[in-house]
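To keep things clear, I will list the structure first and then write my remarks on it.
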Amino acid sequence: MKVRQSKALVGLLLIGVLLFWGGLPSAAQDEDPAALNDQVVDLYQQGRFQEAITLAERALRLREATLGPEHPATAASLNNLATLYDSMGDYARAEPLYQRALAIFEKALGPEHPSTATSLDNLAVLCRNMGDYARAEPLYQRALSIHEKVLGPDHPDTATSLNNLAALYDSMGDYARAEPLYQRALAIREKALGPEHPDTATSLNNLAVLCRNMGDYAR
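So the mapping is simple: the working numbering equals the position in the sequence shown, first residue as 1, plus 28.
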C-alpha cells in the first residue's frame, strides 16, 4: 500500500504499510480479522479513513482476544490502525501504536526480520511527517540495513528503503546524499520489476523532482 504523498515527492511508496498475517486461527466470533483487514485496505484506498478505523479497531480487538497482546498478528493490526491515523494527520494517536507494533515484532520475530524493518520504516515516515528528521534518519537507516542483509541488495523492498531514505534527505535539502540513493533504487526497480512497472515510474518521478529541486531543469 501507499503512504500519503510527501510535499515534494509525488508517489513516494512504502511497501508493506498494511501487514497481513495468513495461516492463523480465525476468531471464534462471526467476524474474521483477516476479512476485516481486507475491508480496511479497500476503505484506505478509497480515502474513507474514519470507516477504516472502525474496522481496524475491531480487527485489533479480535486479534488481542484470540492471539494475545504480543502476537505478530496483533502487531500487524496495531500497525494498520496507526497507518490510518497517520494518514489523517493524527500523529499523537499513531505514534504509540507504531511503537507498540515495533516492540512486538522485535520481540516475537527478531530485530532483523523484514516485518521489523517495515515497522521501522513506518515509524520513520511518521517522524518525517512531523518534521522530526533527526529521529527519522536512524530508523530509515536501520530498516535499509535489515532489508539489505535479509533480502539482499537488489530486492524491491531494499529499493523502497533506499527511496524512503532518499526522500528524507531530499526533504532536508541534502541533495548530495539523496541522489545516489534514488539512482540505486531506480536501478533495482528497473532490473527487478521492469522498465514499465509503476514503482519504476515512481523512482523516475522522485529523481525528476530532485533534479527540479536542484534547479537542473534540463535533466
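We put the CB at the ideal spot given by N, CA and C, even for glycine.
Cβ shell of residue i (< 8 angstroms), same chain only, five flanking positions each side left out
i             : result
arginine 170  : Ala145 and Leu148
glutamate 140 : Ile174, Lys177 and Val178
lysine 219    : Asp182
tyrosine 168  : Leu148, Asp149, Ala152, Ser189, Asn192, Leu193 and Leu196
glycine 186   : Residue identity differs from the one stated: residue 186 is threonine in this sequence, not glycine. So the qualifying residues of the chain are Leu172, His175, Glu176, Leu179, Gly180 and Ile216.
tyrosine 245  : Cys239
glycine 138   : Thr144
Option nearest residue i by Cα separation, candidates the options
i             : options                           : result
leucine 130   : Ala120, Gly117, Leu106 and Val153 : Leu106
threonine 111 : Glu92, Asn65 and Thr186           : Asn65
glycine 75    : Ser115, Thr82 and Glu218          : Ser115
arginine 240  : Ala122, Gln73, Ala101 and Asp198  : Asp198
leucine 90    : Ala62, Val69 and Tyr72            : Ala62
valine 237    : Tyr210, Pro142 and Ala101         : Tyr210
leucine 125   : Tyr161, Pro166 and Glu98          : Glu98
glutamate 92  : Asp60, Tyr245 and Arg121          : Asp60
glycine 201   : Tyr161, Ala187, Leu83 and Asp185  : Tyr161
alanine 136   : Ala122, Gly96 and Tyr113          : Gly96
aspartate 118 : Met158, Thr94, Gln127 and Arg217  : Met158
proline 184   : Asp227, Ala204 and Tyr203         : Asp227
tyrosine 113  : Phe77, Ala213, Arg247 and Thr94   : Phe77
arginine 212  : Ala120, Leu232 and Ala122         : Leu232
Cutoff 6 angstroms; reference residue i; Cβ partners in own chain excluding five residues on either side
i              : result
alanine 164    : Ala152, Cys155, Arg156 and Leu196
proline 53     : Confidence is the limiting factor: at proline 53 the pLDDT is only 42, short of 50, which leaves the residue's position unreliable and the question unanswerable from this model.
glutamine 67   : Leu83
leucine 298    : Beyond the ends of the chain as shown, which are 29 and 247, falls residue 298; an answer cannot be given.
alanine 87     : Pro61, Leu64, Asn65 and Ser105
methionine 242 : Tyr203
Residue i, DSSP secondary structure in three states
i             : result
histidine 141 : coil
aspartate 227 : helix
glycine 51    : Unreliable positioning characterises glycine 51 in this predicted model, as indicated by a pLDDT of 39, which lies under 50. The coordinate reading is nonetheless provided below. Looking at glycine 51 - three-state DSSP - the assignment turns out to be coil, as it is neither helix nor strand.
aspartate 182 : coil
alanine 246   : coil
histidine 99  : coil
leucine 167   : helix
aspartate 198 : helix
leucine 172   : helix
leucine 148   : helix
leucine 209   : helix
leucine 249   : Past the edges of the chain, shown from 29 to 247, lies residue 249, and the structure says nothing about it.
leucine 221   : coil
Own chain partners of residue i with C-beta closer than 7 angstroms, once the 5 adjacent residues on each side are dropped
i                 : result
glutamate 85      : Leu109
phenylalanine 133 : Pro100, Ala103, His141, Ser143, Thr144 and Ser147
glutamate 207     : Leu238
arginine 205      : Tyr197
alanine 122       : Ala110, Tyr113, Asp114 and Leu154
Check: residue i C-beta below 6 angstroms from any heavy atom of the ligand ATP
i                 : result
phenylalanine 133 : The model depicted lacks the ligand ATP and carries no ligand whatsoever.
### Task
Write down every uninterrupted run of the alpha helix (DSSP H) in the region 60-132 whose length is 4 residues or greater and which is fully enclosed by it, in chain order.
61-73, 77-95 and 100-115
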